[in-house]
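According to mature numbering (1 follows the signal peptide of the UniProt record, and there is no 0), the sequence shown holds residues -21 to -1, 1 to 154 in order.
One structure below.
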Amino acid sequence: MKRATPLLLCTLTLPFGSVNASQECARWGEFSTHASTKMTTLSAPSQNKLSVTSDLVFRPLLKDEKFYWLGLQLSSAELQLDNTPIQAQYYRVPFAVKIAATSGDILDYHFGAKLKPEDEQKLMAIYQQFHIEHLKQYDLQSPKIIQESDNLGRYRVQYQTLANNAIQKQNSITP
């Protein structure tokens, strides 16, 4: 039996406003995420730490009344697994996310290269870490805890705006 308890801390300094941005305007920001995972498999505990630091280039693509597409690509990504640098070419692949205009929900993904399903999941997880369109209704000046779910499970997520206007997101798994 596998049990995972991830703790994820993601800090963003991206200039959001994707819905209203110019179709020709490409923006970039610093992206970093640090995850610590504890698992028990066949009664054997294990733990690993993954860190991704990169510049993230993004721009609006297609906009409609019902949805819009946002294009993204990591640039100069540095990855570390248990404090050891690793190479992962799929982090360089550009991809796009389809987002519902009214709710901010993620509707679909498109990848700029043929990837294995598990590599697609890793890129999708990158975007899911900083998807904030659904947070516009909340005041994040003080910590706000929200129930969310993704392809890994259901989470209690705490959001807060930091002094430098970055949004801090901290996940903890909900049993």
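Ideal placement from N, C-alpha and C gives every residue a C-beta, glycine not left out.
Within 8 Å, strictly: CB atoms of residue i and residue j
| i | j | result |
| --- | --- | --- |
| W48 | V76 | yes |
| A79 | E44 | no |
| Y83 | E127 | Residue identity check: residue 83 is Gly in the sequence provided, not Tyr. Taking 8 Å as the Cβ cut-off, G83 and E127 do not qualify as a contacting pair. |
| F46 | L21 | no |
| A67 | R38 | no |
| G50 | L40 | yes |
| Y70 | L58 | yes |
| T140 | Q116 | no |
| I146 | V136 | no |
| V72 | A92 | yes |
For residue i, the three-state DSSP class (helix, strand or coil)
| i | result |
| --- | --- |
| D98 | helix |
| S1 | Only weak support is given to the placement of S1: the predicted model assigns it a pLDDT of 47, under 50, and the value that follows is read from those uncertain coordinates. Three-state result, S1: coil. |
| L49 | strand |
| E44 | coil |
| Y117 | coil |
| Q68 | helix |
| A142 | coil |
| A80 | coil |
| A14 | strand |
| A104 | helix |
| C(-12) | Reliability fails at C(-12), whose pLDDT of 43 lies under 50, so the model's placement of it is uncertain and the value that follows must be treated cautiously. C(-12): strand per DSSP, three-state reduction. |
Burial state of residue i (16 or more Cβ within 10 Å)
| i | result |
| --- | --- |
| H110 | buried |
| L102 | buried |
| A142 | exposed |
| S1 | Caution applies to S1, whose pLDDT of 47 falls short of 50 and renders its modelled position unreliable; the value that the coordinates give is listed next. Classification for S1: exposed. |
| A23 | exposed |
| N144 | exposed |
| N27 | exposed |
| I105 | buried |
| S25 | exposed |
| S54 | exposed |
| G(-5) | The predicted position of G(-5) is uncertain, since its pLDDT is 41 and thus under 50; no value can be drawn from it. |
| T63 | exposed |
| T12 | buried |
Nearest-angstrom Cβ-Cβ length linking residue i and residue j, presumed shorter than 8 Å
| i | j | result |
| --- | --- | --- |
| Q108 | K148 | 7 Å |
| residue 195 | N150 | Residue 195 cannot be examined here, being either before or after the span of the chain that is shown, -21 to 154. |
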